[in-house]
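Visitor: For the sequence shown, numbering that gives the first Met the number 0 gives the first residue as 0, with consecutive numbering after it.
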Amino acid sequence: MAKKTNNQTNINRPVQQKPLQQKPVAATKAATTPMSDMQKHLMAVVGVAITTFMFLKVSLLNQFTNWDDPGYVLNNPLVKDISGEGIKNIFSLSNPVMGNYHPLTILTYAFDYDSANLDAYHYHLQSLLFHIATTLLVYCFVWLLSKRFIAAIITAILFGLHPMHIESVAWVAGRKDVVYGFFYMSACISYIYYIRAEGSKKWLFYLGVAVLYAASLLSKPVAVVLPVTLLLIDYFEGRIWKSVSAEGKPVITLQNINFFVLVEKLPLFAMSVLAGIKSLQDQRVFGALDTQGEKFGTLERLGLGGYALITYLWKTVVPIKLLCFYPYPLKEEGALPAVYYIYLVIAIGVLAGSFWFFRKNKAIVFGIMFFLVNIALLLQFIPVGGAIIADRYSYLPYIGLFFILGWCISVLFDSEQTVMAGKSALAAMGVAVFVLGYMSNERCKVWYDGMSLWRDEIEIEPVRAPNGYNNLGFFYFNKFNSSVDPKERKLYYDSSFYLLNKAIQLQPKFVNPYISLGELMRSNNQFDLAKQYYYKGLSLDKTDMGSNAYLGLAVIYSITRKDDSAIFCYKETLRLKPYNPEAHSNFANFLDMTNQKDKAIVEYGVAIDQNPDIFQPYLNRARAFQRMNKCDEAFRDFNKALQIEPKMGEIYFARAVCFDMKGDKAAADKDRQTAAKLGYAPQR
0 MAKKTNNQTN INRPVQQKPL QQKPVAATKA ATTPMSDMQK HLMAVVGVAI
50 TTFMFLKVSL LNQFTNWDDP GYVLNNPLVK DISGEGIKNI FSLSNPVMGN
100 YHPLTILTYA FDYDSANLDA YHYHLQSLLF HIATTLLVYC FVWLLSKRFI
150 AAIITAILFG LHPMHIESVA WVAGRKDVVY GFFYMSACIS YIYYIRAEGS
200 KKWLFYLGVA VLYAASLLSK PVAVVLPVTL LLIDYFEGRI WKSVSAEGKP
250 VITLQNINFF VLVEKLPLFA MSVLAGIKSL QDQRVFGALD TQGEKFGTLE
300 RLGLGGYALI TYLWKTVVPI KLLCFYPYPL KEEGALPAVY YIYLVIAIGV
350 LAGSFWFFRK NKAIVFGIMF FLVNIALLLQ FIPVGGAIIA DRYSYLPYIG
400 LFFILGWCIS VLFDSEQTVM AGKSALAAMG VAVFVLGYMS NERCKVWYDG
450 MSLWRDEIEI EPVRAPNGYN NLGFFYFNKF NSSVDPKERK LYYDSSFYLL
500 NKAIQLQPKF VNPYISLGEL MRSNNQFDLA KQYYYKGLSL DKTDMGSNAY
550 LGLAVIYSIT RKDDSAIFCY KETLRLKPYN PEAHSNFANF LDMTNQKDKA
600 IVEYGVAIDQ NPDIFQPYLN RARAFQRMNK CDEAFRDFNK ALQIEPKMGE
650 IYFARAVCFD MKGDKAAADK DRQTAAKLGY APQR
């Protein structure tokens, strides 16, 4: 490590101090006063923050996507209640979201919802601010660790602007990365203060580490590796060994190991174990754990891990052809292609060679290990989900690689002979930062909405992206469902039909497009075709996606008045997926239609409790109350429906009937006029 210096003009290059000479007063006033370290840090922090914001602010224009955003925010009742009871529900161990227990992240969504309902701008703004804050924490961490100004700036600006990090920033559902990263880096900084402090303050910093670590775990369980990262800091700080030789090298013997660095972290490791067990349980229940286990054996998984590692390293330098979903490779004649074993050999060779070549350079070893420790659980040795890699998985691991680059450039300023090389490297970094910033700006635009996201996916990976075709097809299905223009509906129908069938062509056992095609056919009143697709979906999956198939069948049987079949399908839907406001609402419609009004009122209430921000259950319950001559209850529901959808003419027209029943002709006429102005023309 380079020696600490007092030079004010370049804090990376030590210089020999010369005796101060007396100068005339006038000359002293005219001389330029060198900046203090505090001024330099302030300028660096402001510069990094502004640069990151300027390149990434385009993400504030983005909308919600149809990929996980509905599960995390749009259809998540937990984010819609910020009361004491609501917060208790958010932190309940029985309420994981999308297979993950990260209540602190969900709480940040709840704050967004409380202040801005479903205005996407506020969600993207909070994510961007968290990312900028984490970027500044990266700067502080590297400076505290290395005392190298240039290394800190380079690491931070690369962290802030790298295109691989855009998924975590520009995607609302990626919020967990920026939140856990914020607390993770805060814990690392607190740990540095802990190991350097003395007296009672020391243990206050340790308490800070524990609290911040808990917050990071509650934001994203992948933070479980923090205690190992803290051991890397111990290594960098020279705490692993009790003593060193006369040459300053550690005496590597069992007796010389400082076991206290392990003992002090036992509470943190205990937290890791508990969080890890909880995470595995939630993933297993959600059906995301070991999803590829039957397809790939142990050796094949090692090959895939090698491929993932090399891909992450490659995309550090060449972040092109980024995808939101990187599919697993297809087997050839039942075997993993040989190239993946070559990746494994290359990965082992790169790591072994790097450690051997740089074994005496503590900074580079630290950077390599920081990367490996934080990426290890994400290399899919235990497959989670259907993607082999993900841009968001690089969020914190890349700090280690950026640190190596920043360190190497800063070292060039330690010697007069290499200063020019250092300046050239900084100039090249300036160009690289601009290029990365531009690429990140463009990547933010890809995340604008579901259509832009999945179109990009298909353009880059047209053959191995069934998810892309399925999700874009479902996006067009929603457009078809909401459109009233016949030409638009035909265009959206044809587009959705083609894309969903393309997904099936690429992956015949992919259940999602079958269910989506069933929805498309049902919405187009092609009930027989819809049932064929639903039953095909059920033959492939009778769990979460199966519940959607049963719901579609239940609606069809309700419309065609096959009541016994409808009841069976509704009950199967709710058995497989108890939290299902759409199913409860549709079941209530069926009960109302079959003159079971009291039961219908109860089901509408369940639908509203599960998702209080959908107008249909309020509108339909109001109509049920209306038919029961309970106008006061009906008015409450009509008014609530109008709070959610103030421009829905159908609600005004329905409320007018209640005003007629109350004898308020003026109010009834006004509601009908409003309905007409909003374009609602009831069929006669």
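Built from N, CA and C at the ideal position, the CB exists for glycine as well.
(1) Since Pro249 sits in a beta bridge, which residues does DSSP pair it with?
(2) Measuring alpha carbon to alpha carbon, tell me which residue in Thr134, Leu490 and Ser91 is nearest Gly180.
(3) Going by the beta-carbon positions, is the gap between Ser218 and Leu225 smaller than 8 Å?
(4) Pick out whichever of Tyr192, Ile188 and Leu73 has its Cα sitting closest to the Cα of Val171.
(5) Can you tell me whether DSSP reads Pro328 as helix, strand or coil?
(6) Mind checking whether Ile457 and Tyr468 have CB atoms under 8 Å apart?
(7) Rounded to a whole number of angstroms, what is the C-alpha to C-alpha distance between Leu232 and Leu312?
(8) With distance defined between alpha-carbon atoms, name the residue in Phe614, Gly46, Pro249 and Lys359 nearest to Gly648.
(9) By the three-class DSSP mapping on this structure, what secondary structure does Asn480 have?
(10) How many Å lie between Asp663 and Asn579 at the Cα?
(11) Quick check: what's the CA-CA separation for Ile131 versus Ala48?
(12) How is Ala640 classed by DSSP in three states: helix, strand or coil?
(13) Return the first residue and the last residue of the beta strand (DSSP E) that Ile387 is part of.
(14) What span of residues does the alpha helix (DSSP H) with Gly305 cover, start to end?
(15) Can you tell which of Asp659, Phe658, Tyr651 and Lys661 has the C-alpha that lies nearest to the C-alpha of Lys676?
(16) If you measure between the beta carbons of Ile81 and Asp113, is that distance less than 8 Å?
(17) Exposed or buried, which one is Ile149 when buried takes at least 16 other CB atoms within 10 Å?
(18) In this structure, how does DSSP classify Ala274 when only helix, strand and coil are distinguished?
(19) Return the CA-CA distance between Phe54 and Glu331, expressed in angstroms with no decimal places.
(20) Residue ranges of each alpha helix (DSSP H) run of no fewer than 4 residues wholly in the stretch 103-181, ordered along the chain?
(21) Tell me the DSSP secondary structure of Val96 in three-state form.
(22) Which same chain residues, not among the five before or five after Ala633, have their C-beta less than 6 Å away from its C-beta?
(23) Taking Cβ positions, are Phe324 and Asn99 nearer each other than 8 Å?
(24) Tell me the DSSP bridge mates of Ala362?
(25) Roughly how many angstroms lie between the CA atoms of Met368 and Pro461, to the nearest whole one?
(26) Compare the C-alpha of Leu60 against each of His40, Pro76, Lys79 and Tyr122 and name the closest.
(27) Apart from the five residues just before and just after Val96, which ones in its own chain have a Cβ nearer than 8 Å to its Cβ?
(28) Under a three-way DSSP split, which group does Ile347 fall into?
(29) Pull up the distance between the alpha-carbon of Tyr339 and that of Asp563, whole angstroms please.
(30) Name the DSSP bridge partner or partners of Ala334?
(31) By the three-class DSSP mapping on this structure, what secondary structure does Ile607 have?
(32) Relative to the C-alpha of Ala362, which candidate in Gly352, Gly405 and Cys568 has its C-alpha closest?
(33) For Ile613, which of helix, strand or coil comes out of DSSP?
(34) Quick check: what's the CA-CA separation for Met660 versus Val554?
(35) By the 10 Å Cβ neighbour count, where 16 or more other Cβ atoms means buried, how is Gln125 classified, buried or exposed?
(36) Mapping DSSP to helix, strand and coil, what is Ile558?
Guide: The short version:
(1) Val243
(2) Ranking the options by Cα distance to Gly180, first place goes to Thr134.
(3) no
(4) Leu73
(5) coil
(6) yes
(7) Looking at the sequence provided, one finds Ile at residue 232 rather than Leu. Near 22 Å, if we compare the C-alpha coordinates of Leu312 and Ile232.
(8) Phe614
(9) helix
(10) Separation of Asp663 and Asn579 (C-alpha to C-alpha, rounded to the nearest whole angstrom) is 38 Å.
(11) 6 Å
(12) helix
(13) Ala386 to Ile388
(14) Thr297 to Val316
(15) Tyr651
(16) yes
(17) buried
(18) helix
(19) 43 Å
(20) 119-145, 148-160 and 165-169
(21) Per DSSP, reduced to three states, the secondary structure at Val96 is strand.
(22) If we look at Ala633 and ignore the five residues flanking it on each side, its Cβ neighbours are Ala621, Phe624, Gln625 and Cys657.
(23) no
(24) In DSSP, Ala362 forms no bridge with anything.
(25) 36 Å
(26) Tyr122
(27) Gly70, Tyr71, Asn75, Leu77 and Ile105
(28) Correct three-state label for Ile347: helix.
(29) So the two alpha carbons sit approximately 53 Å from each other.
(30) Glu331
(31) helix
(32) Among Gly352, Gly405 and Cys568, the Cα nearest to that of Ala362 belongs to Gly405.
(33) coil
(34) 31 Å
(35) buried
(36) helix
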